[in-house]
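Whatever position you read off the sequence shown (first residue = 1), add 22 for our numbering.
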Amino acid sequence: MGTSVFTEMTELARRTGAVNLGQGVPELDSPAELLKDVADAVLSGSNQYPPAVGFPALREAVAAHQLRRYGLDYRPDGEVLVTTGATEALAAALLALCDPGDEVIAFDPCYDAYAADARLAGARLVGVPLTLDGDGFALDMDALRAALTDRTKVLLLNSPHNPTGKVFTDGELAAIAELCAERSLTVVTDEVYEHLVYADGARHRPIATFPGMRERTLVISSAGKTLNVTGWKVGWICGPAPLVTAVNSAKQFLTYASGTPYQEAIARALGSVESWAAGLRESLRANRDLLGAGLTRAGLRPLRAEAGYFVQADVRPWGYDDGVRFCRELPERAGVVAIPTSAFYVGADAPSWLVRFSFCKSEVSIRQAVDRLVEAGGRPH
23 MGTSVFTEMT ELARRTGAVN LGQGVPELDS PAELLKDVAD AVLSGSNQYP
73 PAVGFPALRE AVAAHQLRRY GLDYRPDGEV LVTTGATEAL AAALLALCDP
123 GDEVIAFDPC YDAYAADARL AGARLVGVPL TLDGDGFALD MDALRAALTD
173 RTKVLLLNSP HNPTGKVFTD GELAAIAELC AERSLTVVTD EVYEHLVYAD
223 GARHRPIATF PGMRERTLVI SSAGKTLNVT GWKVGWICGP APLVTAVNSA
273 KQFLTYASGT PYQEAIARAL GSVESWAAGL RESLRANRDL LGAGLTRAGL
323 RPLRAEAGYF VQADVRPWGY DDGVRFCREL PERAGVVAIP TSAFYVGADA
373 PSWLVRFSFC KSEVSIRQAV DRLVEAGGRP H
């Protein structure tokens with residue numbers, strides 16, 4: 023599978039002392055009560071294997087969250103499975119659902135683990151490019167229909183979307199849902215940024231809430247992005263019992279189970295997660311706006327980021343048509359690390375001039391990066 027661009031850029035940041043706006047590793051605080059709860063759980067002895075399907079209180083909390091927030095009713099026993107992060111849930115889902123030679127549809131650009139997970143299952147990831155629409159991205163239904171074949175088994179939907187920050191609209195989701203029902207496709211959703219939607223008028227709605235979709239959809243999320251605990255690796259997958267049982271048949275031989283004290287603490291936190299997430303959204307919205315304004319002052323062109331951790335930027339105003347070269351030269355030129363968006367494309371139609379910057383950092387880091395970019399943008403290249 024080769025060395026990922028993340029590894030290369032992280033090493034560049036370490037070697038040059040650059041501000042790392044490449045990876046989505048938060049520098050923001052976690053809820054104090056959550057940290058106290060996990061410490062108490064460790065000290066009270068919750069350090070052995072949890073049940074293979076997850077700590078019961080966490081499965082109950084996830085089910086309550088889905089019902090409270092989206093009106094999706096899942097049984098904690100049989101329809102909710104706790105995983106070692108959303109990453110394991112995605113891998114286990116594709117291992118369970120795909121046979122060698124099957125095809126999985128995802129929207130380009132997409133999280134780089136999707137292609138690797140498909141290959142592990144013997145399947146092939148087919149990228150359907152999102153259309154550049156002004157300063158954002160839009161669904162191309164004609165391209166989606168054209169990508170479907172007799173081998174298409176799963177549609178993998180990521181909304182809110184990494185790396186573009188797009189939130190799929192109700193109209194787009196309704197069109198996708200109709201097509202999936204028409205073609206009898208199973209949908210696997212990656213919703214880890216579900217609480218981090220910033221744009222006025224935008225909202226996250228799971229495709230499982232659309233008519234006829236609950237019975238064909240596996241919904242994946244996690245605590246890492248919402249609670250700033252990405253290192254805890256606690257995620258979950260919800261869906262109809264036959265699909266969840268199939269996923270668990272693969273998951274049990276990946277990690278079996280993990281993170282007992284973390285699961286116990288997160289179970290308590292999910293009950294009040296909306297109030298915590300509201301404050302986190304405001305911090306991230308301020309960071310997004312600070313970074314976007316800084317990129318503009320530096321002479322780059324940021325695109326709209328409706329959700330998530332990342333801003334896309336057009337680097338052609340700096341004289342670059344190649345985002346990979348831009349990112350390799352940026353640490354020396356400006357003391358900042360970013361990621362070329364082309365690294366997230368499965369197909370060949372990647373706009374080579376797009377670059378992804380992360381804003382899930384401290385305000386100090388964002389300001390330092392902005393100052394460096396503005397200074398570098400004012401110097402001849």
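All C-beta atoms, glycine included, are put in the ideal place defined by N, C-alpha and C.
For this session: Leaving out five residues on either side along the sequence, give the residues of the same chain with a beta carbon under 7 Å from the beta carbon of Gly314.
Result: Correct list, in chain order: Pro324, Val333.
For this session: Give a yes or no on whether the C-beta atoms belonging to Val219 and Leu312 are separated by under 8 Å.
Result: Taking 8 Å as the Cβ cut-off, Val219 and Leu312 do not qualify as a contacting pair.
For this session: Measure the alpha-carbon distance for Leu306 versus Tyr331 and round it to whole angstroms.
Result: The C-alpha of Leu306 lies about 8 Å from the C-alpha of Tyr331.
For this session: Report yes if the CB atom of Leu103 is closer than 8 Å to the CB atom of Trp258, and no otherwise.
Result: Yes; because the gap between Cβ atoms is below 8 Å, this pair is in contact.
Problem set entry | Nearest-angstrom beta carbon gap, Ala128 and Leu178 [assumed within contact, 8 Å] | The Cβ separation is near 4 Å, so the contact holds.
Exercise. What is the C-beta distance between Pro262 and Glu237, in whole angstroms, given that I count them as a contact (C-beta under 8 Å)?
Worked result: Sure, about 5 Å apart at Cβ, within 8 Å.
For this session: Consult DSSP for Asp344 and reduce its assignment to one of helix, strand or coil.
Result: The three-state reading of DSSP puts Asp344 in coil, since its state is none of H, G, I, E or B.
Exercise. For the putative contact between Thr153 and Thr277, defined by C-beta atoms under 8 Å, what is the C-beta separation to the nearest angstrom?
Worked result: About 38 Å; that fails the 8 Å criterion.
Exercise. Which runs of the alpha helix (DSSP H), 4 residues or longer, sit entirely within the region 173 to 230?
Worked result: Unbroken alpha helix (DSSP H) stretches of 4 residues or longer found wholly inside the region 173 to 230: 192 to 205, given in chain order.
Problem set entry | Short Cβ contact (8 Å threshold) for Ala40 with Val359 | Taking 8 Å as the Cβ cut-off, Ala40 and Val359 qualify as a contacting pair.
For this session: Give the DSSP bridge partners of Asn42, in chain order.
Result: Paired residues: Val359.
Exercise. In this structure, does DSSP put Met23 in helix, strand or coil?
Worked result: Since pLDDT at Met23 reaches only 46, below the 50 mark, its modelled position is unreliable, and the value read off the structure follows with that caveat. Coil at Met23, not helix or strand.
Problem set entry | Cβ-based burial, Arg394 [other Cβ within 10 Å; buried from 16] | Residue burial is scored here from C-beta neighbours: Arg394 has at least 16 other C-beta atoms within 10 angstroms and is therefore classed as buried.
Exercise. Unbroken alpha helix (DSSP H) runs of length 4 or more, entirely within the region 40 to 88: which are they?
Worked result: DSSP runs (the alpha helix (DSSP H)) wholly in the region 40 to 88: 54 to 65.
Exercise. Would Ser280 be called buried (16 or more neighbouring beta carbons within 10 Å of its own) or exposed?
Worked result: Burial check for Ser280: the Cβ neighbour count within 10 Å reaches 16 or more, so the residue is buried.
Problem set entry | Residues near Gly234 by beta carbon distance below 8 Å, same chain, minus five either side | So the qualifying residues of the chain are Ala199, Ala203.
Exercise. Out of curiosity, what's the CA-to-CA distance linking Trp254 and Ser364?
Worked result: Trp254 and Ser364 have their alpha carbons spaced roughly 29 Å apart.
Exercise. What do you reckon, are the CB atoms on Gly221 and Val266 nearer than 8 Å?
Worked result: The sequence given here places Ala at residue 221; Gly does not occur at that position. Cβ atoms of Ala221 and Val266: not closer than 8 Å.
Exercise. Just curious, the beta strand (DSSP E) that Pro151 is in, first and last residue?
Worked result: Start and end: 146 to 151.
Problem set entry | Top-ranked residue by Cα proximity to Phe445, from Leu94, Glu304, Asn69 | Residue 445 lies beyond the residue range present for the chain, which begins at 23 and ends at 403; the question has no answer from this structure.
Exercise. Under a Cβ-count criterion, where at least 16 other Cβ atoms within 10 Å of its own Cβ denotes burial, should Phe348 be classed as buried or exposed?
Worked result: Buried.
Problem set entry | Those residues which DSSP pairs with Gln285 across a bridge | Bridge partners of Gln285: none, in fact.
Exercise. Any idea which residues DSSP pairs Pro324 with across the strands?
Worked result: DSSP lists Ala335 as partners of Pro324.
Problem set entry | Euclidean distance between Cα positions of Ala114 and Arg319 | For Ala114 and Arg319, the distance between alpha carbons rounds to 44 Å.
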